[in-house]
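Here's the structure we're looking at; comments come further down.
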Amino acid sequence: MSFTIIQLIKKQSAASLRVFSRRNTLQHLSCRQFNKQSCINPGDGLTNEQKLIFETAKDFATNEMGPKMKLKLEIFPRDVLQNAAQLGFGAIYCKEDYGGTGLGRLDASIIFEALSTGCVSTTAYISIHKNVEIVFLNSVCAWMIDTFGTKELREKHLPSMASMERFASYCLTEPGSGSDAASISTSAVRKGDKYIILNGTKVFISGGGESDVYLVMCRTGDSGPKGISCVLVENETPGLSFGAKEKKVGWNSQPMCPVIFKDCEVPASNLIGKEGQGFNIAMNALNGARVHTASCSLGAAHRSIELARDHVLVRKQFNQTLDSFQNVQFKLAEMVTSLIASRLVVRHAAEALQNGAANKVALCSSAKLFATESCSKICSDSLQLFGGYGYLKDYPVQQF
Numbered sequence: 001m002s003f004t005i006i007q008l009i010k011k012q013s014a015a016s017l018r019v020f021s022r023r024n025t026l027q028h029l030s031c032r033q034f035n036k037q038s039c040i041n042p043g044d045g046l047t048n049e050q051k052l053i054f055e056t057a058k059d060f061a062t063n064e065m066g067p068k069m070k071l072k073l074e075i076f077p078r079d080v081l082q083n084a085a086q087l088g089f090g091a092i093y094c095k096e097d098y099g100g101t102g103l104g105r106l107d108a109s110i111i112f113e114a115l116s117t118g119c120v121s122t123t124a125y126i127s128i129h130k131n132v133e134i135v136f137l138n139s140v141c142a143w144m145i146d147t148f149g150t151k152e153l154r155e156k157h158l159p160s161m162a163s164m165e166r167f168a169s170y171c172l173t174e175p176g177s178g179s180d181a182a183s184i185s186t187s188a189v190r191k192g193d194k195y196i197i198l199n200g201t202k203v204f205i206s207g208g209g210e211s212d213v214y215l216v217m218c219r220t221g222d223s224g225p226k227g228i229s230c231v232l233v234e235n236e237t238p239g240l241s242f243g244a245k246e247k248k249v250g251w252n253s254q255p256m257c258p259v260i261f262k263d264c265e266v267p268a269s270n271l272i273g274k275e276g277q278g279f280n281i282a283m284n285a286l287n288g289a290r291v292h293t294a295s296c297s298l299g300a301a302h303r304s305i306e307l308a309r310d311h312v313l314v315r316k317q318f319n320q321t322l323d324s325f326q327n328v329q330f331k332l333a334e335m336v337t338s339l340i341a342s343r344l345v346v347r348h349a350a351e352a353l354q355n356g357a358a359n360k361v362a363l364c365s366s367a368k369l370f371a372t373e374s375c376s377k378i379c380s381d382s383l384q385l386f387g388g389y390g391y392l393k394d395y396p397v398q399q400f
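Each residue of the sequence shown is one higher than the one before, counting from 1 in full-length UniProt numbering.
Shown next as structure tokens:
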């Protein structure tokens, strides 16, 4: 029986895992002290197993994802994604019975932060596949099938999704319904043992045209949230087509296009959950998506600080390196402090989601708001520390 790296890590005893020393953050706010064991390292508060999982994911991000991100090619990175799946990142918190790794929400957040230091775009897709936005997107969809799908659907789809032999997309947003998800108009009618998805279009669909499975939120009942259901539609289903690929200013490795349905017939057994349960499934998935997005922001900020640190240690102005200037030291200290605060908020939300806390929705929303805003500023400040060089594509800081 073969195991992924993550499964092997879980099986090791704590005594056999590497131990990382903890240091007082305040002692490391001088940029010459920023090193792999300093306050930008996310190890504080993690178990030895989680630390090793993070290091495994970050090594993969550095060696496989980073080089692809640097090329900025608008090519779906199937090879990178399938290599990530071999490490156990294809269906992070799905059951091991179906090829998942059975990890928790905090573990997933740690993995997405680490992977995003290499490429935010590809990580975001993994998280969708896993939950439902490529590592991120694949993860969300796999979670939805694992949690709400029938045994037959789990057996048919989850193993190939966990290995990323097949990919999945989540279809919620429509031209007339973005944040107002309860107003979707794509409809499906039950006829015997089939659902017929009538005319409808989904937009901004990550993985559109590349995925093998589409989880479609559609109206099977009255207006409002209680009339929405979730139906699985496989690629090459008659009546399924795709619009032109969107040209985006970033996230180039993640294809996005409209997904169009016209009289698509699918088996009634492809219903995820029960009729009328789709909106609740979507909202539950979005709670995880908020934590995933925030986690991706942490990884981008983490890597941006590392790049800025390395630059100011060698770049000279007025016969001294930039790290000698107090304003640069203060700026880096502020950036690191923001990263630490963001990480705490995100991990608190991940644990609340895992434990089913009553305030999980508020915490997940707060984590996404705080972390994405704070980490976006960190990335911008990092670029500013490069001066004019930060605007050049040869310098990787501009990618974040």
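C-beta: ideal position from N, C-alpha, C; glycine also.
Return the first residue and the last residue of the alpha helix (DSSP H) that residue i is part of.
i    : result
K156 : K151 to A162
A285 : G278 to V314
A362 : K360 to L385
K58  : N48 to F60
K331 : Q326 to N355
D79  : R78 to Q86
Using only CA atoms, which one of the options lies nearest to residue i?
i           : options                   : result
E306        : F148, T117 and F112       : T117
A268        : K316, F261 and Y195       : Y195
C171        : C375, F330, M144 and M164 : M144
F370        : T56, G99 and R343         : R343
V80         : G66, G209 and Y93         : G66
G239        : T220, P225, G200 and G250 : G200
K248        : I205, T150 and G149       : I205
M283        : L313, K360 and Q320       : K360
S365        : K191, G288, K331 and A142 : G288
R290        : C119, R78 and V140        : V140
A300        : N327, M335 and A181       : M335
residue 487 : I378, K95, H292 and K393  : Shown here, the chain extends from 1 to 400; a query on residue 487 therefore has no answer.
E152        : T372, T122 and Y98        : Y98
M164        : A114, G104, F76 and G243  : F76
E244        : A108, G208, D59 and K393  : With the sequence shown as reference, residue 244 is identified as Ala, and Glu is not the correct amino acid for it. That would be G208, whose Cα lies nearest to the Cα of A244.
F279        : A182, Q82 and G90         : A182
V328        : Q254, S376, V345 and R309 : R309
D180        : C230, A142, R166 and P225 : P225
G149        : L271, S382 and Q320       : L271
Q254        : S121, G388, L52 and G45   : S121
Q398        : I92, A84, S338 and W251   : W251
Strictly by DSSP, which residues pair up with residue i?
i    : result
P42  : BP columns for P42 are empty, so no partner.
P67  : DSSP output for P67 lists no bridge partner at all.
V266 : Y195
Three-state secondary structure (DSSP) at residue i?
i    : result
A168 : strand
P396 : helix
L271 : strand
T321 : strand
A91  : coil
T123 : helix
G102 : coil
H28  : Since pLDDT at H28 reaches only 47, below the 50 mark, its modelled position is unreliable, and no value is offered.
G388 : helix
T147 : helix
K36  : Its pLDDT being 45, under 50, K36 is placed unreliably by the model, and the measurement read from it follows with that caveat. It is coil, neither helix nor strand.
V135 : Because V135 sits at a pLDDT of 45, beneath the cut-off of 50, its placement in the model cannot be relied upon, and the following sentence gives the value as read from the coordinates. In the structure shown, V135 sits in a strand (DSSP, three-state: E or B).
Can a CB atom of chain D be found closer than 8 Å to the CB of residue i?
i    : result
S187 : Note that chain D does not occur in the displayed structure, where there is just one protein chain.
(request) Would you list, in sequence order, the uninterrupted beta strand (DSSP E) runs of no fewer than 3 residues that lie entirely inside the UniProt domain "Acyl-CoA oxidase/dehydrogenase middle" (170-264)? (result) 188-191, 194-197, 200-206, 213-219, 228-234, 240-242 and 256-261
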